[in-house]
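Residues in the sequence shown are numbered from 185 upward in steps of one, following the working numbering.
Here is the structure we will look at.
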Amino acid sequence: MSIGLSTRVWLVLTIYASPLVGHGQARPLPGPDVQQIYQRLLPQIEKIPIFDHHAHPGFADDPDVDAMASPPGSAALRTRDTNPELVAASKALFGYRYNDLSPEHARWLVQKKAELKKAQGNAYFSNLLDKLNIEEGVANRAMMADYLDPKRFPWVFFADSFMWPFDNQRERVRNRDEEVYIPLQEKMLHRWMHQENVDKLPADFAGYLAFVSRVLEDNQKKGGIAMKFEVAYFRSTKFGDPTREQAEDVYQRFLSGGIPSEKEYRTFQDCIFRFLVREGGRLHLPVHIHSAVGIGDYFSLSEGNILNLENILRDPRYSSTVFVMIHGGYPYEHQAIWLAAVKNVYLDTSLMELDMYPSEFRHVLKTWLETFPDKITFGTDSFPYNETLGAEESYWLGVQSARTALAAALAEMISEGEVSEPQALQLAHCYVHDNAVGIYDGRLH
Ligand SMILES: [Zn+2]
185 MSIGLSTRVW LVLTIYASPL VGHGQARPLP GPDVQQIYQR LLPQIEKIPI
235 FDHHAHPGFA DDPDVDAMAS PPGSAALRTR DTNPELVAAS KALFGYRYND
285 LSPEHARWLV QKKAELKKAQ GNAYFSNLLD KLNIEEGVAN RAMMADYLDP
335 KRFPWVFFAD SFMWPFDNQR ERVRNRDEEV YIPLQEKMLH RWMHQENVDK
385 LPADFAGYLA FVSRVLEDNQ KKGGIAMKFE VAYFRSTKFG DPTREQAEDV
435 YQRFLSGGIP SEKEYRTFQD CIFRFLVREG GRLHLPVHIH SAVGIGDYFS
485 LSEGNILNLE NILRDPRYSS TVFVMIHGGY PYEHQAIWLA AVKNVYLDTS
535 LMELDMYPSE FRHVLKTWLE TFPDKITFGT DSFPYNETLG AEESYWLGVQ
585 SARTALAAAL AEMISEGEVS EPQALQLAHC YVHDNAVGIY DGRLH
């Protein structure tokens, strides 16, 4: 089900226009009723069908689950395979009988999942969504898998590779992470070229842009609902504003070989990124951007800071492009929520509810719900980390964390006299489902 933008604006206005129940003025502390309110809200929130705005569903041995791979690096405490909550996940999803994930016990789990995959075939992941009350879940993948039902898993494809068409030798050797990432971008670009029957880069810049547009259009015809950038892993997210001629000049000089200087490469990329953003507006393909801390040893927090994108997000030339800031700018989420003041900018919470425990994530949600509740969306960032911590368990952890943190945040808001209980439940619907679905204006199943 989808509700249009105007309906949503009306809804949020209605929520806040109705008089508050009970109190005339908001209070700074919750009352003794907060625990009871939480207990009342949680089961109601669990009944709301979810739209998961960002995830990478698939099996651990499927190379198309992402357009890049994880280099060796450190994962935050909660996302390590030592997290005892994974036992609870395995119990809830697979009837796991043990209280630890010792190698011997984990083997039982791997075996159990293999049996279910065999028995359920292509319904395996859809059944998982049913179990978690997820109506639809975005599949942000290099390519779609035939074992995912496109009616339940709308595809979000990757658009970064168009920015790396030249000799990438210097880009690759910058550090160990880039040695993993850059060849995968090259591979992705070649897959797009193969898809369009292009065996070498077009002879001129206009031809290259036409090729990029054809890929976007064809991906949309194949069911793609949005394009995704994870550019912060490869370069700064501060984009300049070069002229088309400057980018064209770089293209002509390096199209058939030679290594552009860093400045030349960035000029070309800045232009391509802006072109893709404009195309997103023309084609009604929302632009998803990884906007948080990333994995690996060399991810630069300052170069990837969400606020670097402010000049793009607030540029009136892109006002018809919908932006979804994936992972909500974490750990700068407190500042990031103010970017949602821009009418075409949305913030997604995926990954935040995995990296943070619910007790901390509830503070983030509360601030966001109190600021732009009509512009925030839920996602899990589910991903098959390995055979035991699969996409299945990360779906469970994301959903459980968000539901409990949401119930806690809303319970406090009710107890502090900010919203009534019906208003709070309306906000819950908006966050876990309606806000995201509204972006795609009836283009989902
Ligand atoms: Zn992701």
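Think of the CB as a built atom: it goes at the ideal place given N, C-alpha and C, for glycine as much as any other residue.
All values derive from a computational prediction rather than experimental measurement.
9 angstroms Cβ cutoff met for E537 and T555:
Along the sequence shown, read from residue 1 onward, the residue named residue 537 stands at position 353. Along the sequence shown, read from residue 1 onward, the residue named residue 555 stands at position 371. Not closer than 9 angstroms, so no.
Could you check what DSSP says for A476 in three-state terms: helix, strand or coil?
Counting from 1 along the sequence shown, the entry for residue 476 is found at position 292. Shown here, A476 sits in coil according to DSSP, grouped into three states, outside any helix or strand.
What distance in whole Å lies between the Cβ atoms of I409 and Y624, which are believed to be in contact at a cut-off of 8 angstroms?
In the sequence shown, counting from the first residue as 1, residue 624 sits at position 440. In the sequence shown, counting from the first residue as 1, residue 409 sits at position 225. About 6 angstroms separates the two Cβ atoms, so the contact holds.
Quick one: what's D236 bridged to in DSSP?
Translated into the one-based positions of the sequence shown, residue 236 becomes position 52. In the DSSP output, where bridge partners are listed per residue, D236 has G321.
Kindly list the residues whose CB is nearer than 6 angstroms to the CB of P203, restricted to its own chain and excluding five residues on each side of it in sequence; keep chain order.
The residue labelled residue 203 in the question sits at position 19 within the sequence shown. For P203, the predicted structure reports a pLDDT of 49, less than 50, and the residue's modelled location is therefore unreliable. A value from the coordinates is still provided. Taken in chain order, the list of residues that qualify is empty.
Straight-line gap, E605 to M328 (C-alpha atoms, nearest Å):
One-based indexing of the sequence shown puts residue 605 at position 421. One-based indexing of the sequence shown puts residue 328 at position 144. Taking the straight line from one Cα to the other gives about 40 angstroms.
Within 10 angstroms of its Cβ, does Y357 collect 16 or more other Cβ (buried), or is it exposed?
Here residue 357 refers to the residue found at position 173 of the sequence shown. Checking the sequence, you will find Val at residue 357 rather than Tyr. With fewer than 16 other Cβ atoms within 10 Å, it is exposed.
Take V271 and list the residues in its own chain whose beta-carbon comes closer than 8 angstroms to its own, dropping the five residues that flank it on each side.
Within the sequence shown, numbered from 1, the residue matching residue 271 stands at position 87. These residues qualify, in order along the chain: Y280, Y282, N283, D284 and L285.
For a test of the three-state rule: what should DSSP assign to D344, helix, strand or coil?
By 1-based counting over the sequence shown, the position of residue 344 is 160. Residue state, collapsed to three classes: helix.
L594 versus F567: straight-line alpha-carbon distance, rounded:
Sequence index remark: in the sequence shown, residue 594 carries index 410 (1-based). Sequence index remark: in the sequence shown, residue 567 carries index 383 (1-based). Per the coordinates, the alpha-carbon of L594 lies some 28 angstroms from the alpha-carbon of F567.
Any chance you could list the beta strand (DSSP E) runs of at least 3 consecutive residues sitting entirely within the segment 476-545, in chain order?
507-510 and 529-532, all fully within the segment 476-545.
Assigned secondary structure, M411 (DSSP; H/G/I helix, E/B strand, else coil):
Position 227 of the sequence shown holds residue 411. The answer is strand: DSSP assigns M411 an E or B state.
Ligand 1 heavy atom lying under 8 angstroms from the CB of D565
Against the sequence shown, residue 565 aligns to sequence position 381. Because some heavy atom of ligand 1 lies under 8 angstroms away, the Cβ of D565 counts as near it: yes.
Mind checking which residues open and close the alpha helix (DSSP H) that includes A260?
Along the sequence shown, read from residue 1 onward, the residue named residue 260 stands at position 76. Segment: none, A260 is in no alpha helix (DSSP H) and carries neither H nor E.
Closest residue to G488 among Q223, R354, S440 and V477 (Cα-Cα distance):
Mapped onto the sequence shown, residue 488 falls at position 304. Nearest Cα to G488 within the set Q223, R354, S440 and V477: V477.
I want to know whether the segment 424-441 touches the segment 394-404 - three or more CB-CB distances under 8 angstroms.
Counting Cβ pairs under 8 angstroms, fewer than three are found: no touch.
Could you tell me which residues DSSP pairs with T561 in its beta bridges?
In the sequence shown, the residue the question calls residue 561 occupies position 377. For T561, the pairing in a beta bridge is given by DSSP as D532.
Could you check if D330 is buried or exposed, using at least 16 other CB atoms within 10 Å of its CB as the buried criterion?
As a first step, residue 330 must be located in the sequence shown, where it is residue number 146. Per the 10 Å Cβ criterion, exposed.
With three or more C-beta pairs closer than 8 angstroms as the rule, is the segment 308-316 touching the segment 376-392?
Because the criterion of three Cβ pairs below 8 angstroms is not met, the segment 376-392 and the segment 308-316 do not touch.
Sorted by chain position, which residues of the same chain lie with C-beta nearer than 7 angstroms to P214's C-beta, five sequence neighbours on each side aside?
Within the sequence shown, residue 214 is the residue found at index 30, counting from 1. Same-chain partners within the cutoff: E596, S599 and E600.
Rounded C-alpha distance that separates C614 from V548:
Numbered from its first residue, the sequence shown carries residue 614 at position 430. Numbered from its first residue, the sequence shown carries residue 548 at position 364. The straight-line gap from Cα to Cα measures roughly 16 angstroms.
How about A239: is its Cβ closer than 8 angstroms to a heavy atom in ligand 1?
Locating residue 239 in the sequence shown gives position 55, where the first residue counts as 1. Distances from the CB of A239 to the heavy atoms of ligand 1 include at least one below 8 angstroms.
Grab the span of the alpha helix (DSSP H) containing K296 for me, first residue to last.
As a position in the sequence shown, residue 296 is number 112, starting the count at 1. Residues P287 to Q304.
How should S190 be labelled, buried or exposed, when 16 other C-beta atoms within 10 angstroms of its C-beta is the threshold for buried?
The residue given as residue 190 occupies position 6 in the sequence shown. Legend: pLDDT at S190 = 47, less than 50; position of this residue unreliable, no value from coordinates given.
Does DSSP classify V471 as helix, strand or coil?
On the sequence shown, residue 471 is found 287 positions in, with the first residue counted as 1. Shown here, V471 sits in a strand according to DSSP, grouped into three states.
Buried or exposed: P470, going by 16 or more other Cβ atoms within 10 Å of its Cβ?
Mapped onto the sequence shown, residue 470 falls at position 286. Taking every protein chain shown into account, the CB of P470 has 16 or more other CB atoms within 10 angstroms, so this residue is buried.
Tell me which residue opens and which closes the alpha helix (DSSP H) that I598 is part of.
Indexing the sequence shown from 1 puts residue 598 at position 414. Where I598 is concerned, the enclosing alpha helix (DSSP H) starts and stops at A575 to S599.
Whole-angstrom C-beta distance between L460 and M411, which should lie under 8 angstroms:
As a first step, residue 411 must be located in the sequence shown, where it is residue number 227. As a first step, residue 460 must be located in the sequence shown, where it is residue number 276. M411 to L460, Cβ: 7 angstroms. Contact.
Would the beta-carbon of G321 fall within 9 angstroms of that of A251?
On the sequence shown, position 137 is the one that residue 321 refers to. On the sequence shown, position 67 is the one that residue 251 refers to. Cβ distance not < 9 angstroms, so G321 and A251 don't count as in contact.
At 4 residues or longer, what runs of the alpha helix (DSSP H) sit wholly inside the segment 363-434?
Fully enclosed alpha helix (DSSP H) runs of no fewer than 4 residues occupy 389-405 of the segment 363-434, in order along the chain.
Can you name, in chain order, every residue of its own chain whose Cβ lies under 6 angstroms from the Cβ of F452, other than the five neighbours on each side?
Taking the sequence shown and counting its residues from 1, one reaches residue 452 at position 268. Within the same chain, Cβ atoms closer than 6 angstroms to the Cβ of F452 are found at A431 and V434, the five residues on either side in sequence being excluded.
Straight-line CA distance for Q610 to L573?
Counted from its first residue, the sequence shown places residue 610 at position 426. Counted from its first residue, the sequence shown places residue 573 at position 389. The straight-line gap from Cα to Cα measures roughly 33 angstroms.
Taking 8 angstroms as the line, does the beta carbon of S534 fall inside it for any heavy atom of ligand 1?
The count along the sequence shown starts at 1 and reaches residue 534 at position 350. Under cutoff, so the answer is yes.
Cβ-heavy atom distance between I473 and ligand 1 below 8 angstroms?
In the sequence shown, counting from the first residue as 1, residue 473 sits at position 289. Not so, every heavy atom of ligand 1 lies at least 8 angstroms from the Cβ.
Taking 9 angstroms as the threshold (C-beta atoms), are L439 and P515 in contact?
In the sequence shown, the residue the question calls residue 515 occupies position 331. In the sequence shown, the residue the question calls residue 439 occupies position 255. Going by C-beta atoms, P515 is not nearer than 9 angstroms to L439.
Check the C-beta distance from A244 over to N570 and give it rounded, since I have them as a contact under 8 angstroms.
Residue mapping note: residue 244 aligns to position 60 of the sequence shown, counting from 1. Residue mapping note: residue 570 aligns to position 386 of the sequence shown, counting from 1. Confirmed, about 6 angstroms.
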